[in-house]
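**Student:**
Numbering (our numbering), first residue to last: 12 to 411.
This is the structure:
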(Lines of atoms letter the chains of each structure in order from A and count residues from 1; the text may use other names and numbers.)
(Lines give C-alpha, C1' and ligand atoms only; values in the text may rest on other atoms or scores of the structure.)
Protein backbone atom coordinates (compact mmCIF):
# COMPACT_ATOMS: atom_id res chain seq x y z
CA UNK A 1 0.00 0.00 0.00
CA UNK A 2 1.51 3.30 -1.09
CA UNK A 3 -0.62 6.29 0.01
CA UNK A 4 -1.03 9.25 -2.28
CA UNK A 5 -0.88 12.70 -0.80
CA UNK A 6 -3.58 15.02 -2.06
CA UNK A 7 -2.92 18.61 -3.15
CA UNK A 8 -4.04 21.45 -0.89
CA UNK A 9 -6.88 22.56 -3.18
CA UNK A 10 -8.29 19.10 -3.85
CA UNK A 11 -12.08 18.70 -3.58
CA UNK A 12 -13.41 17.87 -0.18
CA UNK A 13 -10.22 19.15 1.48
CA UNK A 14 -11.06 21.87 4.02
CA UNK A 15 -8.30 24.22 5.06
CA UNK A 16 -7.09 24.41 8.63
CA UNK A 17 -8.81 27.19 10.43
CA UNK A 18 -8.46 28.63 13.87
CA UNK A 19 -10.33 25.84 15.57
CA UNK A 20 -8.80 24.36 18.66
CA UNK A 21 -8.47 20.69 19.50
CA UNK A 22 -11.80 18.90 19.62
CA UNK A 23 -13.56 21.33 17.23
CA UNK A 24 -13.81 18.97 14.23
CA UNK A 25 -16.18 16.28 15.54
CA UNK A 26 -19.20 17.35 13.48
CA UNK A 27 -17.12 17.93 10.36
CA UNK A 28 -15.42 14.54 10.72
CA UNK A 29 -18.78 12.79 11.12
CA UNK A 30 -20.07 14.50 7.98
CA UNK A 31 -17.00 13.51 5.97
CA UNK A 32 -17.22 9.93 7.26
CA UNK A 33 -20.89 9.70 6.22
CA UNK A 34 -20.03 11.01 2.75
CA UNK A 35 -17.21 8.49 2.49
CA UNK A 36 -19.56 5.64 3.49
CA UNK A 37 -22.23 6.73 0.99
CA UNK A 38 -19.70 6.88 -1.81
CA UNK A 39 -18.08 3.55 -0.93
CA UNK A 40 -21.42 1.77 -0.53
CA UNK A 41 -22.04 2.23 -4.26
CA UNK A 42 -18.59 0.85 -5.13
CA UNK A 43 -18.43 -2.14 -2.76
CA UNK A 44 -21.75 -3.84 -3.44
CA UNK A 45 -19.94 -7.09 -4.23
CA UNK A 46 -18.42 -7.18 -0.73
CA UNK A 47 -20.96 -5.76 1.72
CA UNK A 48 -18.92 -6.90 4.75
CA UNK A 49 -16.25 -4.20 4.20
CA UNK A 50 -18.24 -1.16 5.33
CA UNK A 51 -19.45 -2.69 8.63
CA UNK A 52 -15.83 -3.47 9.40
CA UNK A 53 -14.90 0.17 8.71
CA UNK A 54 -17.79 1.42 10.88
CA UNK A 55 -16.67 -0.80 13.75
CA UNK A 56 -13.16 0.66 13.47
CA UNK A 57 -14.58 4.17 13.65
CA UNK A 58 -16.68 3.33 16.71
CA UNK A 59 -13.66 1.91 18.56
CA UNK A 60 -11.46 4.94 17.91
CA UNK A 61 -10.68 7.34 20.74
CA UNK A 62 -12.91 10.44 21.08
CA UNK A 63 -9.91 12.76 20.93
CA UNK A 64 -8.87 11.38 17.56
CA UNK A 65 -12.44 11.51 16.23
CA UNK A 66 -12.38 15.26 16.96
CA UNK A 67 -8.89 15.92 15.62
CA UNK A 68 -7.68 17.73 12.54
CA UNK A 69 -5.58 14.69 11.64
CA UNK A 70 -8.67 12.55 11.04
CA UNK A 71 -10.26 15.39 9.10
CA UNK A 72 -7.25 15.52 6.79
CA UNK A 73 -7.24 11.74 6.29
CA UNK A 74 -10.98 11.62 5.60
CA UNK A 75 -10.90 14.53 3.16
CA UNK A 76 -7.96 13.04 1.28
CA UNK A 77 -9.49 9.55 1.05
CA UNK A 78 -12.83 11.00 -0.01
CA UNK A 79 -11.30 13.09 -2.78
CA UNK A 80 -9.18 10.16 -4.00
CA UNK A 81 -12.13 7.75 -4.11
CA UNK A 82 -14.12 10.34 -6.10
CA UNK A 83 -11.45 10.43 -8.78
CA UNK A 84 -10.18 6.80 -8.66
CA UNK A 85 -13.07 4.39 -8.16
CA UNK A 86 -10.94 1.34 -8.87
CA UNK A 87 -8.78 2.11 -5.78
CA UNK A 88 -11.68 2.18 -3.32
CA UNK A 89 -10.42 -0.78 -1.29
CA UNK A 90 -6.98 0.78 -1.03
CA UNK A 91 -8.36 3.91 0.63
CA UNK A 92 -10.75 1.95 2.84
CA UNK A 93 -7.78 -0.04 4.03
CA UNK A 94 -5.79 3.15 4.62
CA UNK A 95 -8.60 4.63 6.71
CA UNK A 96 -8.91 1.37 8.67
CA UNK A 97 -5.19 1.45 9.41
CA UNK A 98 -5.32 4.99 10.76
CA UNK A 99 -8.41 4.29 12.88
CA UNK A 100 -6.87 1.14 14.28
CA UNK A 101 -3.77 3.06 15.32
CA UNK A 102 -5.99 5.25 17.52
CA UNK A 103 -8.21 2.54 18.96
CA UNK A 104 -9.04 2.76 22.66
CA UNK A 105 -6.99 0.19 24.53
CA UNK A 106 -8.85 -1.68 27.24
CA UNK A 107 -6.97 -2.72 30.34
CA UNK A 108 -6.46 -6.45 30.53
CA UNK A 109 -6.66 -8.43 33.73
CA UNK A 110 -3.66 -10.28 35.07
CA UNK A 111 -5.00 -13.65 33.94
CA UNK A 112 -5.65 -12.54 30.39
CA UNK A 113 -2.35 -10.67 30.09
CA UNK A 114 -0.43 -13.72 31.24
CA UNK A 115 -1.79 -15.95 28.46
CA UNK A 116 0.35 -15.52 25.34
CA UNK A 117 -2.23 -17.05 23.01
CA UNK A 118 -4.91 -14.52 23.92
CA UNK A 119 -2.62 -11.53 23.52
CA UNK A 120 -1.19 -12.72 20.23
CA UNK A 121 -4.61 -13.52 18.76
CA UNK A 122 -5.89 -9.99 19.42
CA UNK A 123 -3.99 -7.98 16.82
CA UNK A 124 -4.05 -10.83 14.34
CA UNK A 125 -7.84 -11.13 14.35
CA UNK A 126 -8.46 -7.38 14.24
CA UNK A 127 -6.07 -6.42 11.44
CA UNK A 128 -7.53 -4.59 8.47
CA UNK A 129 -7.82 -6.85 5.41
CA UNK A 130 -5.93 -5.96 2.26
CA UNK A 131 -8.76 -7.29 0.09
CA UNK A 132 -12.21 -8.42 1.16
CA UNK A 133 -12.34 -12.14 1.80
CA UNK A 134 -15.09 -14.52 2.81
CA UNK A 135 -12.83 -17.40 3.82
CA UNK A 136 -13.37 -18.49 7.43
CA UNK A 137 -10.69 -17.66 9.95
CA UNK A 138 -9.00 -20.54 11.79
CA UNK A 139 -10.03 -20.89 15.42
CA UNK A 140 -7.58 -19.73 18.07
CA UNK A 141 -5.38 -22.38 19.65
CA UNK A 142 -6.81 -23.86 22.85
CA UNK A 143 -5.49 -22.69 26.18
CA UNK A 144 -3.33 -25.13 28.12
CA UNK A 145 -5.14 -26.87 30.96
CA UNK A 146 -4.53 -25.44 34.43
CA UNK A 147 -2.07 -27.29 36.58
CA UNK A 148 -1.57 -27.12 40.29
CA UNK A 149 1.99 -28.38 40.17
CA UNK A 150 4.52 -25.61 40.91
CA UNK A 151 7.19 -27.39 38.86
CA UNK A 152 4.99 -27.24 35.76
CA UNK A 153 4.40 -23.53 36.31
CA UNK A 154 8.09 -22.88 36.76
CA UNK A 155 9.04 -24.82 33.64
CA UNK A 156 6.38 -23.10 31.55
CA UNK A 157 7.48 -19.66 32.75
CA UNK A 158 11.11 -20.44 32.03
CA UNK A 159 10.27 -21.73 28.55
CA UNK A 160 8.18 -18.64 27.81
CA UNK A 161 10.98 -16.37 28.98
CA UNK A 162 13.45 -18.16 26.71
CA UNK A 163 11.32 -17.51 23.64
CA UNK A 164 12.34 -14.56 21.44
CA UNK A 165 10.47 -11.35 22.21
CA UNK A 166 10.09 -10.36 18.56
CA UNK A 167 6.73 -9.60 17.01
CA UNK A 168 4.78 -11.58 14.47
CA UNK A 169 4.93 -10.91 10.76
CA UNK A 170 1.41 -9.51 10.91
CA UNK A 171 2.37 -6.94 13.56
CA UNK A 172 5.48 -5.90 11.65
CA UNK A 173 3.55 -5.62 8.39
CA UNK A 174 0.87 -3.53 10.10
CA UNK A 175 3.41 -1.06 11.56
CA UNK A 176 5.25 -0.77 8.26
CA UNK A 177 1.95 -0.05 6.55
CA UNK A 178 1.21 2.61 9.19
CA UNK A 179 4.58 4.22 8.56
CA UNK A 180 3.75 4.47 4.86
CA UNK A 181 0.42 6.12 5.64
CA UNK A 182 2.02 8.68 7.94
CA UNK A 183 4.78 9.33 5.41
CA UNK A 184 2.21 10.22 2.78
CA UNK A 185 0.33 12.45 5.22
CA UNK A 186 3.54 14.29 6.21
CA UNK A 187 4.49 14.82 2.57
CA UNK A 188 1.07 16.33 1.90
CA UNK A 189 1.34 18.64 4.92
CA UNK A 190 4.79 19.80 3.77
CA UNK A 191 3.21 20.92 0.50
CA UNK A 192 0.68 23.13 2.28
CA UNK A 193 1.31 26.84 2.70
CA UNK A 194 1.50 28.20 6.27
CA UNK A 195 -0.02 31.68 6.46
CA UNK A 196 -0.07 34.18 9.30
CA UNK A 197 -3.66 33.33 10.25
CA UNK A 198 -2.58 29.79 11.24
CA UNK A 199 0.26 30.79 13.57
CA UNK A 200 -2.03 31.03 16.61
CA UNK A 201 -3.98 27.87 15.76
CA UNK A 202 -3.47 24.69 17.77
CA UNK A 203 -4.05 22.68 14.56
CA UNK A 204 -1.79 24.59 12.20
CA UNK A 205 -0.08 22.69 9.42
CA UNK A 206 3.29 22.93 11.15
CA UNK A 207 1.97 21.49 14.44
CA UNK A 208 0.12 18.69 12.69
CA UNK A 209 3.31 17.74 10.87
CA UNK A 210 5.28 17.83 14.13
CA UNK A 211 2.77 15.57 15.90
CA UNK A 212 2.81 13.06 13.04
CA UNK A 213 6.61 12.94 13.06
CA UNK A 214 6.63 12.23 16.80
CA UNK A 215 4.14 9.40 16.22
CA UNK A 216 6.33 8.05 13.45
CA UNK A 217 9.32 7.99 15.80
CA UNK A 218 7.35 5.98 18.37
CA UNK A 219 6.17 3.57 15.67
CA UNK A 220 9.74 3.22 14.39
CA UNK A 221 11.07 2.44 17.86
CA UNK A 222 8.33 -0.15 18.39
CA UNK A 223 9.09 -1.67 14.99
CA UNK A 224 12.76 -1.97 15.92
CA UNK A 225 11.75 -3.77 19.12
CA UNK A 226 9.59 -6.24 17.20
CA UNK A 227 12.34 -6.86 14.65
CA UNK A 228 14.93 -7.05 17.45
CA UNK A 229 17.28 -4.64 15.73
CA UNK A 230 18.97 -1.39 16.74
CA UNK A 231 17.05 1.88 16.48
CA UNK A 232 20.17 3.83 15.48
CA UNK A 233 19.74 5.48 12.09
CA UNK A 234 23.37 6.37 11.36
CA UNK A 235 22.91 10.11 11.80
CA UNK A 236 25.95 12.23 12.61
CA UNK A 237 24.42 13.29 15.91
CA UNK A 238 24.38 9.65 17.06
CA UNK A 239 28.14 9.25 16.64
CA UNK A 240 30.16 9.15 19.85
CA UNK A 241 32.71 11.91 20.53
CA UNK A 242 36.06 10.77 21.94
CA UNK A 243 37.86 13.26 24.20
CA UNK A 244 41.60 13.19 24.93
CA UNK A 245 42.18 16.84 25.76
CA UNK A 246 43.98 16.47 29.12
CA UNK A 247 46.88 14.36 30.31
CA UNK A 248 44.70 12.74 32.98
CA UNK A 249 42.84 9.65 31.66
CA UNK A 250 40.39 9.78 34.59
CA UNK A 251 39.33 13.31 33.67
CA UNK A 252 39.11 12.43 29.97
CA UNK A 253 36.83 9.47 30.64
CA UNK A 254 34.45 11.49 32.81
CA UNK A 255 34.26 14.36 30.33
CA UNK A 256 33.71 11.95 27.43
CA UNK A 257 30.95 10.13 29.31
CA UNK A 258 29.28 13.43 30.17
CA UNK A 259 29.31 15.04 26.70
CA UNK A 260 27.92 11.91 25.00
CA UNK A 261 24.67 12.02 26.93
CA UNK A 262 21.90 12.63 24.38
CA UNK A 263 20.07 15.27 26.41
CA UNK A 264 23.06 17.38 27.49
CA UNK A 265 24.79 20.34 25.87
CA UNK A 266 27.28 21.28 28.61
CA UNK A 267 28.38 24.73 29.69
CA UNK A 268 31.55 25.82 31.45
CA UNK A 269 30.15 25.15 34.93
CA UNK A 270 29.23 21.56 34.04
CA UNK A 271 32.72 20.80 32.72
CA UNK A 272 34.31 22.35 35.81
CA UNK A 273 32.16 20.20 38.12
CA UNK A 274 33.11 17.07 36.18
CA UNK A 275 36.81 17.87 36.56
CA UNK A 276 36.40 18.63 40.26
CA UNK A 277 34.61 15.32 40.86
CA UNK A 278 37.28 13.42 38.94
CA UNK A 279 40.05 15.10 40.93
CA UNK A 280 38.36 14.30 44.24
CA UNK A 281 37.41 10.74 43.24
CA UNK A 282 40.85 9.72 41.99
CA UNK A 283 42.90 11.91 44.38
CA UNK A 284 44.61 13.81 41.58
CA UNK A 285 45.40 16.79 43.80
CA UNK A 286 44.63 19.42 41.15
CA UNK A 287 44.77 23.06 42.21
CA UNK A 288 41.74 25.30 41.74
CA UNK A 289 43.33 27.47 39.05
CA UNK A 290 44.59 24.39 37.22
CA UNK A 291 41.08 22.88 37.16
CA UNK A 292 39.62 26.17 35.91
CA UNK A 293 42.18 26.33 33.12
CA UNK A 294 41.49 22.72 32.15
CA UNK A 295 37.74 23.37 32.21
CA UNK A 296 38.09 26.39 29.91
CA UNK A 297 40.15 24.47 27.36
CA UNK A 298 37.86 21.44 27.54
CA UNK A 299 34.70 23.52 27.25
CA UNK A 300 36.06 25.33 24.20
CA UNK A 301 37.06 22.11 22.43
CA UNK A 302 33.93 20.18 23.39
CA UNK A 303 31.64 23.05 22.39
CA UNK A 304 33.27 23.35 18.97
CA UNK A 305 32.99 19.62 18.30
CA UNK A 306 29.37 19.41 19.45
CA UNK A 307 28.47 22.44 17.37
CA UNK A 308 30.20 20.96 14.32
CA UNK A 309 28.34 17.67 14.80
CA UNK A 310 24.97 19.41 15.08
CA UNK A 311 25.74 21.53 12.02
CA UNK A 312 26.61 18.47 9.93
CA UNK A 313 23.45 16.69 11.13
CA UNK A 314 21.38 19.71 10.10
CA UNK A 315 23.05 19.86 6.68
CA UNK A 316 22.42 16.16 6.01
CA UNK A 317 18.79 16.09 7.26
CA UNK A 318 17.39 19.57 6.71
CA UNK A 319 14.68 20.10 4.11
CA UNK A 320 11.80 18.05 2.74
CA UNK A 321 10.90 16.04 -0.32
CA UNK A 322 10.18 19.33 -2.12
CA UNK A 323 13.93 20.06 -2.24
CA UNK A 324 15.04 16.55 -3.27
CA UNK A 325 15.39 17.63 -6.90
CA UNK A 326 17.71 20.53 -6.03
CA UNK A 327 21.18 20.42 -7.55
CA UNK A 328 24.06 22.84 -6.80
CA UNK A 329 24.19 23.86 -10.44
CA UNK A 330 20.66 25.29 -10.24
CA UNK A 331 21.59 27.88 -7.58
CA UNK A 332 20.32 31.26 -8.86
CA UNK A 333 23.22 33.02 -7.11
CA UNK A 334 25.62 31.44 -9.62
CA UNK A 335 24.10 33.43 -12.49
CA UNK A 336 23.12 36.58 -10.55
CA UNK A 337 26.17 38.50 -9.22
CA UNK A 338 24.00 40.97 -7.32
CA UNK A 339 22.21 38.15 -5.46
CA UNK A 340 25.52 36.44 -4.63
CA UNK A 341 26.95 39.72 -3.31
CA UNK A 342 23.88 40.27 -1.13
CA UNK A 343 24.04 36.73 0.26
CA UNK A 344 27.72 37.16 1.18
CA UNK A 345 26.93 40.44 2.88
CA UNK A 346 24.07 38.84 4.85
CA UNK A 347 26.35 36.00 5.96
CA UNK A 348 28.93 38.47 7.27
CA UNK A 349 26.26 40.37 9.20
CA UNK A 350 24.83 37.12 10.62
CA UNK A 351 28.22 35.88 11.84
CA UNK A 352 29.05 39.23 13.47
CA UNK A 353 25.70 39.34 15.24
CA UNK A 354 26.14 35.76 16.41
CA UNK A 355 29.55 36.65 17.88
CA UNK A 356 28.02 39.66 19.65
CA UNK A 357 25.31 37.50 21.21
CA UNK A 358 27.82 34.90 22.39
CA UNK A 359 30.12 37.57 23.85
CA UNK A 360 27.19 39.29 25.58
CA UNK A 361 26.01 36.16 27.36
CA UNK A 362 29.54 35.05 28.18
CA UNK A 363 30.07 38.42 29.89
CA UNK A 364 26.77 38.04 31.74
CA UNK A 365 27.83 34.60 32.97
CA UNK A 366 31.18 35.96 34.20
CA UNK A 367 29.42 38.82 36.02
CA UNK A 368 26.93 36.46 37.64
CA UNK A 369 29.73 34.17 38.82
CA UNK A 370 31.61 37.17 40.26
CA UNK A 371 28.47 38.33 42.08
CA UNK A 372 27.97 34.83 43.45
CA UNK A 373 31.54 34.76 44.77
CA UNK A 374 31.03 38.20 46.32
CA UNK A 375 27.86 37.04 48.09
CA UNK A 376 29.68 33.99 49.43
CA UNK A 377 32.52 36.15 50.75
CA UNK A 378 30.04 38.50 52.42
CA UNK A 379 28.21 35.55 54.01
CA UNK A 380 31.48 34.13 55.37
CA UNK A 381 32.43 37.49 56.83
CA UNK A 382 29.07 37.76 58.58
CA UNK A 383 29.54 34.32 60.10
CA UNK A 384 32.89 35.25 61.64
CA UNK A 385 32.78 36.34 65.33
CA UNK A 386 33.48 40.05 65.93
CA UNK A 387 37.03 40.83 67.15
CA UNK A 388 37.47 41.12 70.92
CA UNK A 389 37.89 44.70 72.26
CA UNK A 390 41.42 45.66 73.47
CA UNK A 391 42.09 45.10 77.16
CA UNK A 392 42.25 48.27 79.30
CA UNK A 393 44.11 48.60 82.59
CA UNK A 394 41.85 48.71 85.63
CA UNK A 395 44.46 50.40 87.95
CA UNK A 396 44.08 54.18 88.33
CA UNK A 397 47.01 56.32 87.21
CA UNK A 398 49.46 57.37 89.90
CA UNK A 399 49.29 61.01 90.97
CA UNK A 400 52.20 63.08 89.82
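Glycine is no exception: its CB is placed at the ideal position from the N, C-alpha and C atoms. Computed from a predicted structure; not experimentally measured.
Please report the Cβ distance between residue 112 and residue 214, rounded to the nearest whole angstrom; I am assuming they are in contact, meaning their Cβ atoms lie under 8 angstroms.
**Tutor:** Not confirmed; about 18 angstroms, so no contact.
**Student:** Excluding the five sequence neighbours on either side, which residues of its own chain have a C-beta within less than 8 angstroms of the C-beta of residue 320, listed in chain order?
**Tutor:** 247, 248, 250 and 252, listed in sequence order.
**Student:** Looking only at its own chain, which residues have a Cβ that is under 6 angstroms from the Cβ of residue 297, when we skip the five neighbours before and after it?
**Tutor:** Once the five neighbours on either side are set aside, the close Cβ partners of residue 297 are 290.
**Student:** Rounded C-beta distance between residue 306 and residue 270? I'm assuming under 8 angstroms.
**Tutor:** With 8 angstroms as the limit, residue 306 and residue 270 do not qualify as a contact, their Cβ atoms being about 13 angstroms apart.
**Student:** In the structure shown, what three-state DSSP assignment does residue 71 receive?
**Tutor:** In the structure shown, residue 71 sits in a strand (DSSP, three-state: E or B).
**Student:** Run through the DSSP bridge pairs and tell me what residue 114 is partnered with.
**Tutor:** In the DSSP output, where bridge partners are listed per residue, residue 114 has 71.
**Student:** Tell me, please, whether the stretch 252-269 touches the stretch 227-236 by the rule of three or more beta-carbon pairs shorter than 8 angstroms.
**Tutor:** Touching, no.
**Student:** On the three-state DSSP scale, how would you describe residue 78?
**Tutor:** Of the three classes helix, strand and coil, the one that applies to residue 78 here is coil, per DSSP.
**Student:** Quick one: residues in its chain with C-beta nearer than 7 angstroms to the C-beta of residue 189, no 5 flanking neighbours on either side, listed in chain order?
**Tutor:** Result list for residue 189: 108, 112 and 230, in chain order.
**Student:** Could you spell out the range, first to last residue, of the alpha helix (DSSP H) harbouring residue 47?
**Tutor:** Run containing residue 47: 36-53, per the alpha helix (DSSP H) assignment.
**Student:** Suppose contacts are defined by Cβ-Cβ distances below 9 angstroms. Is residue 49 in contact with residue 92 by that definition?
**Tutor:** Yes, Cβ-Cβ distance for residue 49 and residue 92 is below 9 angstroms.
**Student:** Under a three-way DSSP split, which group does residue 214 fall into?
**Tutor:** Coil at residue 214, not helix or strand.
**Student:** Counting along the chain, where does the alpha helix (DSSP H) carrying residue 359 start and finish?
**Tutor:** Residue 359 -> alpha helix (DSSP H) spans 348-394.
**Student:** Looking at residue 68 and residue 42, is the spacing between their C-beta atoms short of 9 angstroms?
**Tutor:** Cβ atoms of residue 42 and residue 68: not closer than 9 angstroms.
**Student:** How do the stretch 215-226 and the stretch 191-200 stand: do at least 3 beta-carbon pairs fall below 8 angstroms, yes or no?
**Tutor:** Short answer: they touch.
**Student:** Considering Cα atoms alone, identify which of 362, 39, 311 and 115 is closest to residue 278.
**Tutor:** Here the closest residue by C-alpha is 311.
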